[in-house]
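In what follows, a structure is listed as structure tokens, so that the remarks can point back to it.
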Amino acid sequence: MVHRLTRRTALAAGVLVLGLDPLTRTWTASAAGPLDRIPQLDGELVFDQAALEAAADDYGHLVHRAPLAVLRPGSVGDVAAMVGFCRRHGLKVAGRGQGHSTNGQAQVPAGLVIDLGTLDGITLHGHRAVVQAGARWSALLQACLPLGLTPPVLTDYLELSVGGTLSVGGLGGQVGHYGAQVDNVLELQVVTGEGKIATCSPTVRPDLFRAAVGGLGQVAIITRATISMVPAATTARRYNLTYPTVAALTAQQRKLIKDGRFDYVEGQVQPLPAGGWTYLLEAVAYDATPADDTRLIGDLAHASVAIDDLTYFDFLNRIGPVVDILKSLGEWQRPHPWLDSLIPASAVNAVVKTTLAGLDADGIGASAVILLYPILTRRRRTPLPVMPDEELVYLFSVLKTASPGADSAQAMVTANRHQFELVRAAGGTWYPIGSVDPFSQADWRRHFGSFWPVLRAARRRYDPDGVLTPGQRIF
Numbered sequence: 001m002v003h004r005l006t007r008r009t010a011l012a013a014g015v016l017v018l019g020l021d022p023l024t025r026t027w028t029a030s031a032a033g034p035l036d037r038i039p040q041l042d043g044e045l046v047f048d049q050a051a052l053e054a055a056a057d058d059y060g061h062l063v064h065r066a067p068l069a070v071l072r073p074g075s076v077g078d079v080a081a082m083v084g085f086c087r088r089h090g091l092k093v094a095g096r097g098q099g100h101s102t103n104g105q106a107q108v109p110a111g112l113v114i115d116l117g118t119l120d121g122i123t124l125h126g127h128r129a130v131v132q133a134g135a136r137w138s139a140l141l142q143a144c145l146p147l148g149l150t151p152p153v154l155t156d157y158l159e160l161s162v163g164g165t166l167s168v169g170g171l172g173g174q175v176g177h178y179g180a181q182v183d184n185v186l187e188l189q190v191v192t193g194e195g196k197i198a199t200c201s202p203t204v205r206p207d208l209f210r211a212a213v214g215g216l217g218q219v220a221i222i223t224r225a226t227i228s229m230v231p232a233a234t235t236a237r238r239y240n241l242t243y244p245t246v247a248a249l250t251a252q253q254r255k256l257i258k259d260g261r262f263d264y265v266e267g268q269v270q271p272l273p274a275g276g277w278t279y280l281l282e283a284v285a286y287d288a289t290p291a292d293d294t295r296l297i298g299d300l301a302h303a304s305v306a307i308d309d310l311t312y313f314d315f316l317n318r319i320g321p322v323v324d325i326l327k328s329l330g331e332w333q334r335p336h337p338w339l340d341s342l343i344p345a346s347a348v349n350a351v352v353k354t355t356l357a358g359l360d361a362d363g364i365g366a367s368a369v370i371l372l373y374p375i376l377t378r379r380r381r382t383p384l385p386v387m388p389d390e391e392l393v394y395l396f397s398v399l400k401t402a403s404p405g406a407d408s409a410q411a412m413v414t415a416n417r418h419q420f421e422l423v424r425a426a427g428g429t430w431y432p433i434g435s436v437d438p439f440s441q442a443d444w445r446r447h448f449g450s451f452w453p454v455l456r457a458a459r460r461r462y463d464p465d466g467v468l469t470p471g472q473r474i475f
């Protein structure tokens with residue numbers, strides 16, 4: 001049965017949904033008893049089983065918590081009205097973009113999930129883009145490329161929402177030049193846990209801004225962002241160089257991230273057919289030609305090299321065709337117990353070697369990916385996401401898939417907790433999009449470190465009743 005409420009006629013199966021019964025916390029069509037009427041909305045509030053089941057799942061397919069309703073807002077006013085409504089009734093609320101988290105972070109049992117995908121407007125003003133939270137990075141890129149502009153930093157997969165990645169951090173191979181995606185945000189529009197629409201920036205309500213970008217939805221739901229744009233390239237010349245050891249790879253990555261000769265630097269650890277691992281350096285120079293090869297890689301000792309040229313868009317969108325294949329094979333729909341960690345450069349080789357020594361390539365799934373690439377912390381302009389206190393850190397991601405014949409999803413989650421302990425003991429931190437369970441409030445306090453009192457104060461000020469984003473389990 002489908003139930004919808006909009007500003008227009010609100011009939012579903014011949015029944016008018018009027019509001020919430022505060023005693024039973026159920027939606028009702030009867031005004032005979034106590035009833036708090038749902039605010040008039042520009043979008044729609046939906047209660048049908050398909051919508052609830054979709055909101056009770058995410059890319060991880062590990063946690064399933066069903067909400068009472070899903071809001072598909074037609075305006076930011078809808079978001080504010082329904083957050084205020086839920087606050088009055090003690091209901092929890094979370095914003096959801098593309099649902100790409102892996103451990104129920106955007107789920108709300110018996111609460112409200114706000115599907116921000118309906119807020120996807122994009123407006124360009126010179127070298128600034130004003131983007132609603134539900135817009136995908138692919139849409140922003142396609143809107144600004146005809147004007148010769150591009151977002152400075154893009155995640156490897158473009159079909160993620162702007163609000164979703166800005167709520168976490170947003171890392172990609174361009175971090176050496178521009179920092180994370182959150183470091184390129186000029187201004188935010190948010191809805192706080194009080195149900196109020198607010199604008200914040202590094203100079204306007206800076207406490208709200210610092211706690212919202214990378215803040216995991218704990219003080220406000222991001223509804224719009226103003227992002228700086230930079231001139232776009234036309235082509236991308238890609239160099240894939242292999243190395244026999246992790247130390248050889250990280251040494252070259254360290255050199256490249258500091259001298260800035262490449263526009264994009266990442267890396268992978270890949271299994272060898274006969275066992276063991278090989279280490280891949282991915283480096284891209286925009287608008288380069290074969291004449292640049294000696295300058296770019298002439299001093300980089302390597303076991304092998306492959307070079308190819310792509311259009312700028314095709315390079316940035318390179319994961320899209322891979323995802324299509326994974327979906328056709330059923331891999332996209334399987335559980336994904338991911339673990340993303342940030343490791344100080346001083347410890348990265350030891351952590352990676354220890355991890356790989358205990359890792360079975362078959363056990364982490366047929367479509368698993370292991371990422372390893374450097375991040376210069378001096379490019380940061382925001383306190384979140386939390387990173388180790390060194391000039392250079394490495395993103396080390398073991399992106400597992402519970403493929404047939406691989407370890408079970410629960411075994412992978414358990415292994416993630418042990419891996420997290422190894423990372424933390426080495427001075428590393430968690431990039432919190434993955435699946436580490438259990439993760440206690442004490443773990444969160446230790447994770448945020450010196451920023452914990454700041455985040456807690458912002459939470460008390462902007463979400464005093466603690467209604468926002470319970471799936472993170474921080475407060």
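Residue numbers (this note's numbering): 1 to 475.
We put the beta carbon where it would ideally sit given N, CA and C, even for glycine.
Owing to the predicted nature of the structure, the values given are computational and were not obtained by experimental measurement.
- Annotation: the continuous alpha helix (DSSP H) that includes residue 447 extends over 441 to 448.
- The continuous beta strand (DSSP E) containing residue 226 extends over residues 220 to 228.
- Rounded to the nearest angstrom, the gap between the Cα atoms of residue 351 and residue 463 is 38 Å.
- If you look at residue 192, you'll find it in the beta strand (DSSP E) that goes 185 to 192.
- The alpha-carbon of residue 70 is positioned some 17 Å away from that of residue 88.
- Secondary structure at residue 249: helix, using DSSP grouped into helix, strand and coil.
- Boundaries around residue 306 are those of the beta strand (DSSP E), 304 to 311, since no alpha helix (DSSP H) includes it.
- Residue 460 and residue 212 have their C-alpha atoms roughly 13 Å apart.
- Here residue 117 has 134 as same chain residues with Cβ atoms under 6 Å from its own Cβ, once five neighbours each way along the sequence are excluded.
- Rounded to the nearest angstrom, the Cβ distance from residue 92 to residue 104 is 12 Å, too far for a contact under 8 Å.
- Excluding residues up to 5 positions away in sequence, 173, 253, 265, 266, 267, 394 and 395 lie with their Cβ nearer than 7 Å to the Cβ of residue 373 in the same chain.
- Between residue 342 and residue 286, the beta carbon gap of about 26 Å keeps them out of contact (Cβ cut-off 8 Å).
- Per DSSP, the unbroken beta strand (DSSP E) holding residue 96 starts and ends at 93 to 96.
- By the 16-neighbour rule on beta-carbons within 10 angstroms, residue 442 is exposed.
- The DSSP assignment places complete beta strand (DSSP E) segments of no fewer than 3 residues inside the region 297 to 356 at 304 to 311 and 339 to 344, in order along the chain.
- Per DSSP, the continuous beta strand (DSSP E) segment holding residue 397 begins and ends at 392 to 399.
- By the C-beta criterion, the region 142 to 157 is judged to be in contact with the region 222 to 230, since at least 3 inter-stretch pairs fall below 8 Å.
- Approximately 6 Å separates the beta-carbon atoms of residue 337 and residue 416; this is inside 8 Å, confirming the contact.
- Per DSSP, the unbroken beta strand (DSSP E) holding residue 132 starts and ends at 128 to 132.
- Take the alpha-carbon of residue 113 and the one of residue 83: they are about 10 Å apart.
- DSSP places residue 237 in the uninterrupted beta strand (DSSP E) bounded by 235 to 243.
- The three-state secondary structure of residue 381, taken from DSSP, is coil.
- Your pair residue 80 and residue 96 does not check out as a contact, with CB atoms roughly 17 Å apart and the cut at 8 Å.
- Straight through space, the alpha carbons of residue 194 and residue 25 are spaced by roughly 20 Å.
- A distance below 6 Å between beta-carbons, with the five flanking residues on each side excluded, links residue 121 to the following residues of its chain, in chain order: 132.
- Pairing residue 355 with residue 398 gives a Cβ-Cβ distance under 9 Å.
- Rounded to whole angstroms, the Cβ separation of residue 469 and residue 68 is 16 Å, and the two are not in contact under 8 Å.
- Excluding the 5 residues flanking it on each side, residue 191 has same chain C-beta neighbours closer than 8 Å at 76, 79, 80, 83, 197, 198, 220, 221 and 223, in chain order.
- Taking 9 Å as the cut-off, the Cβ atoms of residue 383 and residue 475 do not count as close.
- Here residue 261 has 285, 295 and 296 as same chain residues with Cβ atoms under 8 Å from its own Cβ, once five neighbours each way along the sequence are excluded.
- The Cβ-Cβ distance between residue 426 and residue 309 does not fall below 9 Å.
- Taking each of 218, 164 and 61 in turn and checking the Cα distance to residue 454, the smallest one comes out for 218.
- Per DSSP, reduced to three states, the secondary structure at residue 114 is strand.
- The three-state secondary structure of residue 462, taken from DSSP, is helix.
- A Cβ-Cβ distance of about 14 Å is found for the pair residue 185 and residue 171, leaving them out of contact under the 8 Å criterion.
- Around the Cβ of residue 389, a 10 Å sphere holds fewer than 16 other Cβ atoms; the residue is exposed.
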